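Here the protein sequences come in this chain order: A and B. The first sequence begins at 7 in this note's numbering and counts up one residue at a time. The second sequence begins at 613 in this note's numbering and counts up one residue at a time. All C-beta atoms in this analysis are idealised placements derived from N, C-alpha and C, irrespective of residue type, glycine included. All values derive from a computational prediction rather than experimental measurement. Notes to accompany the following structure.
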Amino acid sequence: MYPVPVICPVPFPEIVEKPNVKQLFVRLMPFLLWAVAVNAAHSEALKSGIFDPPRLAPDFTLQSSNGGEFKLSQARGKVVVLGFGFTHCTAVCPITLANLAQARKKLGALADDVQVVYVTVDPEHDDPARLHEYLAFFDPTFIGVTGTDAQLSLVRQEYGIVAGKVTGKTGQPEVHHSSYIYLIDRAGLLRALVPFGKSPDDIVHDVNILLLTNLAASKAG
Amino acid sequence: MMWIRRHWLLLLLLNLVFDAVILMALVPIRIESREEVFEIPTGTWARRMAGEKIEILPQAVYLALGVRDVLVLRNLDTVPQIFGPTLIMPNQSFKLPFELASDYQFACTAHLSGQMTVVVDPEPTLGWSRLVWRVKTLTRHLPTTKIAETKIATQK
Chain A
7 MYPVPVICPV
17 PFPEIVEKPN
27 VKQLFVRLMP
37 FLLWAVAVNA
47 AHSEALKSGI
57 FDPPRLAPDF
67 TLQSSNGGEF
77 KLSQARGKVV
87 VLGFGFTHCT
97 AVCPITLANL
107 AQARKKLGAL
117 ADDVQVVYVT
127 VDPEHDDPAR
137 LHEYLAFFDP
147 TFIGVTGTDA
157 QLSLVRQEYG
167 IVAGKVTGKT
177 GQPEVHHSSY
187 IYLIDRAGLL
197 RALVPFGKSP
207 DDIVHDVNIL
217 LLTNLAASKA
227 G
Chain B
613 MMWIRRHWLL
623 LLLLNLVFDA
633 VILMALVPIR
643 IESREEVFEI
653 PTGTWARRMA
663 GEKIEILPQA
673 VYLALGVRDV
683 LVLRNLDTVP
693 QIFGPTLIMP
703 NQSFKLPFEL
713 ASDYQFACTA
723 HLSGQMTVVV
733 DPEPTLGWSR
743 LVWRVKTLTR
753 HLPTTKIAET
763 KIATQK
């Protein structure tokens, strides 16, 4: 005779007890929502031009429109929107800056995690005070940076920005410059290039993705 | 009937043209990839340094929404290069999707003219739009077949 296994006639109370599904769902809800958001951020494509693989955004230290110096790497932890232009620009810069100001408004509370940095291509006219006055017209949080010709030329070279003085149709000197803006993520990686003319909604779309993606990466790390 | 017998060849030709137009307007477009890829091959910088004039991107790039609407620029060379609108690192690619039909102008030092144009056509939907797009594409490709790399003879 083989020994017959004894089956416990009385089930364990914890097995019998009905799990509180509602309570479990409520507890898991924040994690589920977070997972869905992260997944969406990863799977959704940016509307801007993307670099693959992204490289570390070249660092620079220049004079800030807020006084003192501004070092790009100090903005790590925020998404940086980096643009190049000049305060007397009539064609490109006002449109870009107005779009960025509108995008920041649309971001709501998340706007605190976004820093717009505008590098002048005309240091002859754009000193920190002039940059401060000009940018404040669009959004007081925007930071303008300037420096010597040599410093700015090096920054432009590292970012592939083209800028040069030409004589305009009216005979007035103008500075022609690359019209796009860069998006740098929280980790300081140069992730995307936003062509001139993208709507504030498109910018918000991409910035949101970068904000969420990096948040997920930092949580995972 | 006499007229038909006399002009049968003309009628046949007209019928063929009509069939071709109908087919061009209705046959679906086969899409293998929505990406239009241009690459800087390895050694381009060295060849340029040696005095060779090389144009990798055509003066105008033609795209169409829903068919081929993503411009991909890839730098396979060993040095960073301004390619299209931006600076691209070695072994890095830049992918730019388009969502609006328009003509886009980019400053591009890779071009001898310093400017590059990307023409994005509307989505060639069934019917007239598809016919127009096919005719446009044919005419754009008729004079020269697509050449990924056009080597301009070095002037001595």
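Query: If we count the other Cβ atoms within 10 Å of its Cβ and call it buried at 16 or more, is His-183 of chain A buried or exposed?; Result: buried
Query: So, at 7 Å on beta carbons, what are the nonlocal neighbours of Trp-740 of chain B in its own chain, with the 5 sequence-adjacent residues on each side left out?; Result: Ala-637
Query: Exposed or buried, what is Trp-615 of chain B when buried is set at 16 or more other beta-carbons lying within 10 Å of its beta-carbon?; Result: exposed
Query: Between which two residues does the alpha helix (DSSP H) holding Ile-641 of chain B run?; Result: That residue, Ile-641 of chain B, is in no alpha helix (DSSP H); it is neither H nor E in DSSP.
Query: Which residues bound the alpha helix (DSSP H) around Met-614 of chain B?; Result: 614–618
Query: Strictly below 8 Å CB to CB, what residues from chain B border Arg-61 of chain A?; Result: Met-701 and Gln-704
Query: Between the Cα of Pro-59 of chain A and those of A:Val-87, A:Ala-198, A:Thr-219 and A:Leu-217, spot the shortest distance and give me the residue it belongs to.; Result: A:Ala-198
Query: Kindly indicate the opening and closing residues of the alpha helix (DSSP H) around Met-661 of chain B.; Result: 656–661
Query: Who are the neighbours of Lys-707 of chain B on chain A, taking C-beta pairs under 7 Å?; Result: Gly-55, Ile-56 and Asp-58
Query: Closest Cβ-Cβ distance between Leu-196 of chain A and chain B: below 7 Å?; Result: no
Query: For Gln-704 of chain B, which residues does DSSP report across the bridge?; Result: B:Asn-687
Query: Compare the C-beta of Pro-134 of chain A with all C-beta atoms of chain B and state if any pair is closer than 7 Å.; Result: no
Query: Are the beta-carbon atoms of Asp-207 of chain A and Ser-54 of chain A separated by less than 7 Å?; Result: no
Query: Mapping the DSSP letters down to three states, classify Val-44 of chain A as helix, strand or coil.; Result: Residue confidence is low: Val-44 of chain A scores 47 on pLDDT, short of 50, so the model does not pin down where it sits. Its coordinate-derived value is still stated next. If DSSP states are grouped into helix, strand and coil, Val-44 of chain A belongs with the helices.
Query: Any Cβ of chain A within less than 7 Å of the Cβ of Thr-698 of chain B?; Result: yes
Query: Which residues does DSSP pair with Val-86 of chain A in a beta bridge?; Result: A:Gln-121 and A:Ile-190
Query: Using the C-alpha atoms, what's the distance from Gly-91 of chain A back to Cys-99 of chain A?; Result: 6 Å
Query: Quick check on the DSSP output: what are the complete alpha helix (DSSP H) runs of length 4 or more inside the region 88–156 of chain A, in order along the chain?; Result: 99–113 and 134–144
Query: With a cut-off of 8 Å on the beta carbons, I'd call Leu-52 of chain A and Ile-209 of chain A a contact; round off their distance for me.; Result: In fact, because the Cβ distance is near 11 Å, the residues do not count as touching under 8 Å.
Query: Any beta carbon from chain A within less than 7 Å of Ile-694 of chain B's own beta carbon?; Result: yes
Query: Among B:Lys-748, B:Thr-749 and B:Ala-713, which has the Cα closest to the Cα of Val-732 of chain B?; Result: B:Ala-713
Query: Under a three-way DSSP split, which group does Arg-197 of chain A fall into?; Result: strand
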